[in-house]
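Residue numbers (my numbering), protein chains in the order written: chain D, 203 to 616; chain R, 26 to 286.
A short write-up of the structure that comes next.
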Amino acid sequence: MKTKGLILILLLIAGQYTRAQNIDISGFARSYEGILFNTGDFGIVQQTLNLNFEKRGNKVAFKANPMIYLYNADSLDFRMRELYLDLYFDNFDIRIGKQQVVWGKADGVFITDIVSPLNLTEFLLPDFDEIRTGVIATKVNYYFGNSTLEAILIPVFTPTERPPPGSIWYIQPDFPVTPTWDFSREAITPSLESSEVFLKYTALTSAIDFEIMGAYTWDDNPTLHVQKEFGLDPNTQQPILTGLNITPEHHRLAIGGGSFSSEIKGVIVRGEAAYYNGKYFLTEDPLQPDGNIQKDYLHYLVGLDFNLGPVKLSSQFIQQSILNYDDHILNEKTENTMTFLARYDMLRETLHLELFSYIGLTNEDALIRPKITYDFDDSFSILLGSNIFVGDEKGRFGQYGDNSMAYMKIKYSF
Amino acid sequence: MKKIKITTAVIAIIVAMGFIPEVTGQSLTGKQIIEKVYNRPTGDDQTSDLTMTLTNKSGNQRVRKIKQFTMDLGDVEKSIMFFLSPADVKNTSFMNWTYESDQGDDQWIYLPALKKTKRISSDSKSDYFMGSDFTYDDLGDRKLEDDTHQLLREETLDGKACYVVESVSKDEDYMYFKTLVWIDKTNFIGVQKEFYDEDEDLLKILSIKEVEKISNIWVITNSEMKNVQKNHRTTIVLSSIQINTGLSASKFTERMMMRGL
């Protein structure tokens, strides 16, 4: 309760101060409730307040974006999504502080878009602007013509946020014996040596837009190093697995890639690819003592955006491929996914029909997301939607078959 | 997020009904009249605030506010718009490059929530702009050779002697069967335009309410488009208009789209 009171007081003080300083305030309040098809239970009961405080000048600007999530009746989650300062010069800008960075041309898929880690505590269901986590970074953009060179230094590593045990999105790992966890090597001490570095060249031209990127980063997902303990079966006198010691640890990754977007006869053609050097994968190879092996990895996408009459359509094909694959690796050699989006705006853009789907081609599963939004006026809207998980229970989407739900979001923007 | 996809800057509505204050004594053909309307001076650059008010048949209103900049670079005209309201599209920006040649427009939109600049298709000319009564085609530059123009008659409208010119698209799939435009004979400014649908029924009427001379260039500052079939109308009012202020080409870049106003 003390924390909640403190947050409230700080927001009130901030509100008074910003009024005095003529700071621009915008944001939204949102009520979001979802009911699981299987049980009729509420899968989510969430109230959100999103505030943007912004002050812009010719030479300097700042933004603070606190976000408050109230889950169920009394579980408060306060996040400072962004808090940064901008400095503007003739040919370059500097942004210092906590910020979200978005790269690439893909929609709903993260290939070169790896600067800001993801918050996957509700899987891929939050709006894409809410799924990214801010990183504390210094970003420099140098501009020449229609090109931009962007350099980012992140001294404080932020990992992917996973659903905690107890969450409907938490998947219990399947181990043959109860493991012992050692988290001593999971944290990364902030230092210059442990910083992440990202570079990107962007060109926006008449014929084509493209980006070329490189990164020396940490894998946002920890590698699970596994030490096995064996004993003798008292009956058969054969060696059997008696214990597992699991040590999560983040490893360095060197990544290179790029993306492009161009219009051909009214169709937007997009592509994006990233090459990961030495990514760790779990393996059952007995010659790998800690259950992992390093392989290069390719992740790419091609996509089309086009109109069919008044309906906006978009489709993407995504492939993840482990290079120099061996059969002991637990992941598939290649995993193919498609996305599909159809959108139709009616009644003078006050009624919006949308269908978005991830379709797992490898595991024959899917997440289907129909939704309908009605804008009562320019600031107030209601959304009715559904998240439908179907297909193979071992698939990325099919595993959440019990979490299919219908939901409603009521949003007031200001 | 509401859909925002815009063709050539909304300021082009001011263009579409055109200018050219020179008058010749000889009789003109429909094509020559429309050519004079289209080929009017607009200045090297323009800045303005745009307020668009949508009114439905019940009288309920919705208001959109935009800050826009345009610049003529010779072979390409660049424009950039920053959406100020409503709240859910605030800080969204849109950039359009229109080419003198037959090359299609290049268009990008920056969505602040997604922090992403996206190239979008300029293929949706018949879509309505932000729920208004203006289609993207209504707001964009139409080329003289796209239509067959015929002078129908000369008559007085609101006390102004006008040419009445009928324009029929050469493209059979065009959204309008024909348009009729009343053009003030004294200054070649269009004062009214009727749009007929594919069934040859009157669909919309565009009326020019106010015209101002700014930096020696005529600019339509208040216009209304009324859909007579749905009894819905949209007014566009321009204010804080500045012309030939020496805008920099660097204004029309991704950097500015993302930075905002």
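Ideal placement from N, C-alpha and C gives every residue a C-beta, glycine not left out.
Since this is a predicted model, take the numbers as computed values, not measurements.
At a C-beta separation below 9 angstroms, R/T278 has these neighbours in chain D: Y345, G347, N348, T350 and L406. Look at R/W243: its C-beta is not under 8 angstroms from any C-beta on chain D. Under the three-state reduction of DSSP output, D/G603 falls in the helix class. Under the 8 angstroms criterion on CB atoms, D/S517 is classed as non-interfacial with respect to chain R.
Taking the CA atoms as reference points, D/Y345 sits about 19 angstroms from D/A339.
Apart from the 5 residues on each side of it in sequence, R/L177 sits with its Cβ closer than 6 angstroms to the Cβ of V189 and E191 in its chain, given in chain order.
Excluding sequence positions up to five before and after D/D279, its CB lies within less than 6 angstroms of the CB of Y271, all in the same chain and listed in chain order. Burial state of D/S369 is exposed, judged by a 10 Å Cβ sphere holding fewer than 16 other Cβ atoms.
Within chain R, no C-beta atom comes less than 8 angstroms from the C-beta of D/S588; the nearest is roughly 20 angstroms away. The stretch 285 to 354 of chain D is shown to contain whole beta strand (DSSP E) runs of 3 or more residues at 294 to 301, 323 to 326 and 337 to 346, in chain order. Of all residues in the stretch 97 to 112 of chain R, the ones placed with a Cβ closer than 7 angstroms to any Cβ belonging to chain D are P111 and A112, in chain order.
Residue-level contact by beta carbon fails for R/I91 and chain D, as no gap is shorter than 8 angstroms.
Closer than 8 angstroms to the CB of R/W122 there is at least one CB belonging to chain D. One alpha carbon belongs to D/D567, the other to R/D172, and they sit about 51 angstroms apart.
In the structure shown, R/Q175 adopts extended strand secondary structure according to DSSP, grouped into three states.
The beta carbon of D/G597 is closer than 6 angstroms to those of G562, N565 and D567 in its chain, skipping five residues each way along the sequence. Using a C-beta cut-off of 8 angstroms, the stretch 311 to 318 of chain D makes no contact with the stretch 109 to 122 of chain R, since fewer than three inter-stretch Cβ pairs fall below that distance. A direct Cα-Cα distance of roughly 13 angstroms separates R/L79 from R/T160. Rounded to the nearest angstrom, the Cβ distance from D/S396 to D/F359 is 7 angstroms, consistent with a contact under 8 angstroms.
Taken in chain order, the whole beta strand (DSSP E) runs of length 3 or more contained in the stretch 128 to 153 of chain R are 131 to 136 and 141 to 145. Distance between D/Q302 and R/W243, taken at the CA atoms: about 45 angstroms. Taking a cut-off of 8 angstroms on C-beta distances, the stretch 56 to 70 of chain R does not touch the stretch 143 to 158 of chain R, as fewer than three cross pairs fall below it. Residue environment: D/A266 is assigned as buried (16 or more neighbouring CB atoms within 10 Å of its CB, all protein chains considered). Going by DSSP, R/I214 is part of no beta strand (DSSP E) at all; its letter is neither H nor E. With its beta carbon at least 8 angstroms from every one in chain D, R/G165 lies outside the interface. Residues of chain D whose Cβ lies closer than 8 angstroms to the Cβ of R/K140 are, in chain order, Q302, V303, V304 and D331. Relative to the Cα of R/T259, the nearest Cα in the group R/N269, R/I230, R/K141 and R/R284 belongs to R/I230.
DSSP lists D/T350 and D/E413 as the beta-bridge partner residues of D/T404. In this structure, the straight-line span from the alpha carbon of R/Q267 to that of R/I239 is close to 8 angstroms.
The stretch 485 to 499 of chain D makes contact with the stretch 519 to 526 of chain D: 3 or more CB pairs, one atom from each, lie closer than 8 angstroms.
Beta-bridge pairing by DSSP links D/F264 to D/K257 and D/L287. R/D163 sits in a helix when the DSSP states are folded into three classes. If you look at R/Y63, you'll find it in the alpha helix (DSSP H) that goes G55 to Y63.
For the stretch 549 to 598 of chain D, the full-length beta strand (DSSP E) segments reaching 3 residues or more read 553 to 562, 567 to 577 and 582 to 593 along the chain. Within 10 angstroms of the beta-carbon of D/T382 lie fewer than 16 other beta-carbons, which makes it exposed.
As far as DSSP is concerned, R/Y199 takes part in no beta bridge.
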